[in-house]
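Step one of this worksheet: look at the structure below.
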């Protein structure tokens, strides 16, 4: 059986690194990449997804697309997300239809459910969060509540992907992955966000000529209240690189789904998202659990 050709858009961010680290070297797949900037190590088609004519050639001969490219700032303005997140997603779908590419894995976001966290944090991050309202079992059928223009743009993306899968028939299969907290390899652990704040704190204090403002830099000391809260949140929302890569592989191997949405999160005890659906439909079996960690890696 020939190796499937898989195009990845926006491959050089945090989520894309999981592919480059865990999947790109597998003989099972033949990956190519589409990004606004070139990369010396990877076969990259350089184009902006908001430019249909520029991206169109990259889709010829592909068997699947993993669409990660987007404005990923959760606090982005409407003007900032229109071209990359709305026009860009439509262009990817159009290019897939024109090139007859049958499978799309769409990078949605946990932010389509962001108001649930906003309304219940930080108590939400506790494993013993009150049982009378247990949002760590939010499912793919729970009413979406985006917490900003970014989350709303991802919800729009899910809907337009569904339209193409069910009405246009191209792509034939769509998997919307509501991605939680995927981090770069350096910070790929439940203490990652907290430790990144410590790193920023150290970097700012080294520069004596710079005024250090913790509130603006997201910096803190290890063991501080801010540090511990970041640990609690990431222990609940962490998606390890290997678990994310595993879920992507489950989607690439699946032959049954027409359209469906799944939460991309590790098997954390304190998670507020359901993963039973992904287990039942795709055979997803996460290997990591944020609750098993009691300190950052040495």
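In the working numbering, the protein residues as written are 70 to 367.
Glycine is no exception: its CB is placed at the ideal position from the N, C-alpha and C atoms.
All values reported here derive from a predicted model rather than from experimental measurement.
- Around the beta carbon of residue 128, 16 or more other beta carbons lie within 10 angstroms, which makes this residue buried.
- The beta carbon of residue 262 sits closer than 6 Å to the beta carbons of 299, 303 from its chain, once the five residues preceding and following it are set aside; these are given in chain order.
- For residue 329, the secondary structure class from DSSP, reduced to helix, strand or coil, is strand.
- Residue 173 sits close to residue 243, with the two beta carbons spaced by under 8 Å.
- DSSP places residue 172 in the strand class (E or B) of the three-state scheme.
- Contact between the segment 335 to 353 and the segment 309 to 321 is present: 3 or more CB-CB pairs across the two stretches fall below 8 Å.
- Under the DSSP assignment, residue 247 falls in the beta strand (DSSP E) whose first and last residues are 242 to 248.
- Three or more Cβ pairs drawn from the segment 166 to 186 and the segment 212 to 231 lie within less than 8 Å of each other, which places the two stretches in contact.
- The beta carbon of residue 88 is closer than 8 Å to those of 77, 80, 100, 135, 314, 317 in its chain, skipping five residues each way along the sequence.
- A direct Cα-to-Cα measurement between residue 162 and residue 257 gives close to 31 Å.
- Taking the CA atoms as reference points, residue 93 sits about 32 Å from residue 236.
- Counting the other CB atoms within 10 Å of its CB gives residue 107 a total below 16, which places it among the exposed residues.
- For the options 75, 213, 223, the alpha carbon positioned closest to that of residue 171 is the one of 75.
- Judged by DSSP in its simplified three-state form, residue 101 adopts strand.
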